[in-house]
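>
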Amino acid sequence: MSLVSELGRIAGEHGGAVVSRVRLRVGTLSGVDPEALRMAFPFAAANTPAAAAALDINIVRATVRCRSCGEQSMPEEPFAPCGGCGSDETEIVDGRDLVIESAELETAAASPDAKPAAHGRS
Amino acid sequence: MCKDCGCGETPHHRHHHDHGGVPHSHEPGGPVHVHPPSDAVLKESVERSLLADNDESAAKNRKWMEARGITALNIISSPGSGKTTLLEKTLDRLRGRIKCAVITGDQRTDHDARRLEGRGAPVIQIETFNACHLDARRVGECLPRVADDGARLLFIENVGNLVCPAAFDLGESFKVALLSVTEGEDKPAKYPALFSSAPVTVLTKLDLVPHLDWDSATCLMWLRKTHPGAFVFQLSARTGEGMDAWIDYLAGLAG
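Top line first, the protein sequences correspond to chains A and B. Under this note's numbering, think of the first position of the first sequence as 15, with each following residue one higher. Under this note's numbering, think of the first position of the second sequence as 1341, with each following residue one higher.
Now the structure itself:
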C-alpha cells in the first residue's frame, strides 16, 4: 500500500499524471516476496494513478562483508559465510532494500491553455 | 533548461510554445506541461524507500527513547512461541528492580495486555486489525502514555509473525527473535530476514525438549550460519530454567 500511495504522491506532483511503469529494488532480505508483490500490486493499485503501471522488480541479492578478511561477497542465502575466506564472521551490507528506483509517468491532463489532444503519434 | 522537459527553455521566461504541435506553458510556477505522446513519458528517478514514512517515525521514536535513556526491545516470533509468557515472568522478576513498560500487538483482543497487567509495568495493547505487524507510527503514539514515567526497559511484543515484523523498524534499540523448540531447528535458515537482523535470539520452551527430537546444536548451527555472532539464550519461562541469564542480561541493559 505504501508503494501505491507513494506513486499517487509522485503522480500528483506531476499534475495528475498516470504511472505507466515503476521500477523497484527489492533485496532478498527485505522480507518482501517479489512474486507476492506482483500478485498483490494490481489489487492495491486499482483506482489509483498507478492502476495500469507495469512493475519491474530489480532483485538484489544479499551482500556480506567479512570481518576477518574484509572481502565483500554474495553467499548462497540464507547463509552468510565469507566468499573469500569462508569465515562465519560476516555482516550483511546489502540486500534489505525496498526502494522505488524510478517511475515513468504519462501526463494525461494538459495545462489549462493546451489545445485538445491533436497530437497523436503518426 | 526547463526542469520538467529539458527542452532548453529557461524557467524564468514567460511564453507558450509547443513540441510537435502541443502547446505548453513556461509560466513560472505554472502547471506541468504536456508533451505529445511520443515524448510524453517522463521518467522520474525516485530512489525512495517504500518504508520511508515508517523509517521517519521510527527515527523519531528512537530519538525520543534515547533522550530518556530507554532501551527498547522489539520482540518478534511466530504466534505461540512464548513471547507473552516470557514477558510475564520477566516482568515478575524485574518488578521493583528495573522500571519496565510494555507495548503489545495483536490483530485482535487485549488478552495479552490483560495477562501482562498487574506486574508493575504499564502496558498498552495495540490492535492492528488486518495488519500483520506493528508500525512505527502506532508505537510512537503509545510511547508518551506508556514509557514517559522513568521506564528503563521497553518491551515491544510484536504481532506473532516471523516475516513482516522484521521489515518494520519501530525505533527499537534492537530486535529479539524468539524461537520455541517445538518449531524446528532450522527456522533461522527458513526465515533469515528476521534472524539475520536480530542480534539476540531466545530459544524458548526448553522444558518440552524431553518430549521432542529437538537438537539444540543443530539449531545453533543454523543460527550461526544465518547470523554469525548472534547472542543466544536458552530457557523455559515456565520452569525458570535459564531465566537467570536472561534477567541478568536485561538488568545489564538497563545499566
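Where a beta carbon is used, it is the ideal one built from N, C-alpha and C, also for glycine.
Can you list, in chain order, the stretches of the alpha helix (DSSP H) that have 4 or more residues and sit fully within the segment 1422–1451 of chain B?
Qualifying alpha helix (DSSP H) stretches, in chain order: 1423–1434.
> I believe B/A1471 touches B/N1394 by the beta-carbon criterion, under 8 Å. Please report the beta-carbon distance rounded to the nearest angstrom.
Taking the second sequence and counting its residues from 1, the one referred to as residue 1471 of chain B is at position 131. Taking the second sequence and counting its residues from 1, the one referred to as residue 1394 of chain B is at position 54. Not confirmed; about 12 Å, so no contact.
> Please identify, using Cβ separations under 7 Å, the residues of the segment 1377–1397 of chain B that lie next to chain A, in order along the chain.
Cβ contacts with chain A: P1377, S1378, A1380, V1381, L1382, K1383, E1384, S1385, V1386, E1387, R1388, S1389, L1390, L1391, D1393.
> Per DSSP, what kind of secondary structure is B/G1480 in: helix, strand or coil?
As a position in the second sequence, residue 1480 of chain B is number 140, starting the count at 1. Three-state DSSP puts B/G1480 in a helix.
> Do you know how far the Cα of A/A76 is from the Cα of A/T104?
Counting from 1 along the first sequence, the entry for residue 104 of chain A is found at position 90. Counting from 1 along the first sequence, the entry for residue 76 of chain A is found at position 62. In a straight line, the C-alpha of A/T104 is about 12 Å away from that of A/A76.
> Note down, in chain order, all residues in the segment 1460–1494 of chain B with a beta-carbon under 9 Å from any beta-carbon belonging to chain A.
If the cut-off is 9 Å between Cβ atoms, the segment 1460–1494 of chain B has nothing near chain A.
> Distance, Cα to Cα, B/M1405 vs B/C1482?
Here the question's residue 1405 of chain B lines up with position 65 in the second sequence. Here the question's residue 1482 of chain B lines up with position 142 in the second sequence. Each residue's alpha carbon lies about 12 Å from the other.
> Do we get a CB-CB distance below 9 Å when we pair A/G97 with the residues of chain E?
Checking the listed chains, one finds no chain E in this structure; the protein chains it contains are A and B.
> Taking C-alpha atoms, which residue in B/A1380, B/K1545, B/F1535, B/L1560 lies nearest to A/T121?
The count along the first sequence starts at 1 and reaches residue 121 of chain A at position 107. It is B/A1380.
> Residue range of the alpha helix (DSSP H) that B/K1527 falls in?
Reading the second sequence from its first residue, position 187 is the one you call residue 1527 of chain B. Start and end: 1527–1530.
> Tell me the residue span of the alpha helix (DSSP H) that contains B/S1556.
Here residue 1556 of chain B refers to the residue found at position 216 of the second sequence. Looking at the DSSP string, the run of the alpha helix (DSSP H) that includes B/S1556 is 1556–1566.
> Between A/A31 and A/S19, what straight-line distance do the alpha-carbon atoms span, to the nearest angstrom?
What you label residue 31 of chain A is simply residue 17 of the first sequence in a count that begins at 1. What you label residue 19 of chain A is simply residue 5 of the first sequence in a count that begins at 1. In a straight line, the C-alpha of A/A31 is about 14 Å away from that of A/S19.
> For the ligand ATP, any of its heavy atoms closer than 8 Å to the Cβ of B/G1490?
For the structure depicted, the ligand ATP is absent and the ligand set is empty, with no information on it obtainable.
> Taking 9 Å as the CB-CB limit, is B/P1532 close to chain A?
As a working note, residue 1532 of chain B is residue 192 in the second sequence. At least one chain A Cβ lies under 9 Å of B/P1532.
> Under 8 Å Cβ-Cβ, which residues of chain B neighbour A/A87?
Indexing the first sequence from 1 puts residue 87 of chain A at position 73. Per the sequence shown, the amino acid found at residue 87 of chain A is Ser instead of Ala. Those within 8 Å of A/S87 in chain B number zero; the least Cβ separation is about 14 Å.
> Between which two residues does the beta strand (DSSP E) carrying B/V1516 extend?
If you number the second sequence from 1, residue 1516 of chain B lands on position 176. Per DSSP, B/V1516 belongs to the beta strand (DSSP E) from 1514–1520.
> Scan the segment 1540–1565 of chain B for residues whose Cβ lies nearer than 7 Å to a Cβ of chain A and list them as they occur along the chain.
Those would be R1564, K1565, in chain order.
> In chain order, which beta strand (DSSP E) runs of at least 3 residues are fully inside the segment 45–79 of chain A?
Within the segment 45–79 of chain A, the complete beta strand (DSSP E) runs of at least 3 residues are 68–74.
> Counting only Cβ pairs nearer than 8 Å, list the residues of chain B close to A/T104.
Taking the first residue of the first sequence as position 1, residue 104 of chain A is located at position 90. Result: P1568.
> Report the rounded CA-to-CA distance for B/V1579 versus B/H1551, giving the unit in angstroms.
Here residue 1579 of chain B is taken as the residue at index 239 of the second sequence, counted from 1. Here residue 1551 of chain B is taken as the residue at index 211 of the second sequence, counted from 1. Per the sequence presented here, residue 1579 of chain B reads as Thr, with Val not at that position. Answer to the nearest angstrom: the Cα atoms are 15 Å apart.
> Under 9 Å between the Cβ atoms of B/A1533 and B/A1507?
Translated into the one-based positions of the second sequence, residue 1533 of chain B becomes position 193. Translated into the one-based positions of the second sequence, residue 1507 of chain B becomes position 167. Yes. Within cutoff.
> Within 9 Å (strictly less), CB to CB, does A/L164 reach chain B?
Outside the modelled stretch of chain A, which goes from 15 to 136, sits residue 164 of chain A, for which no answer is possible.
> Suppose you measure from the CA of B/C1559 to the CA of B/V1521; what does that come to, to the nearest Å?
Here the question's residue 1559 of chain B lines up with position 219 in the second sequence. Here the question's residue 1521 of chain B lines up with position 181 in the second sequence. Their backbone Cα atoms lie some 9 Å apart in a straight line.
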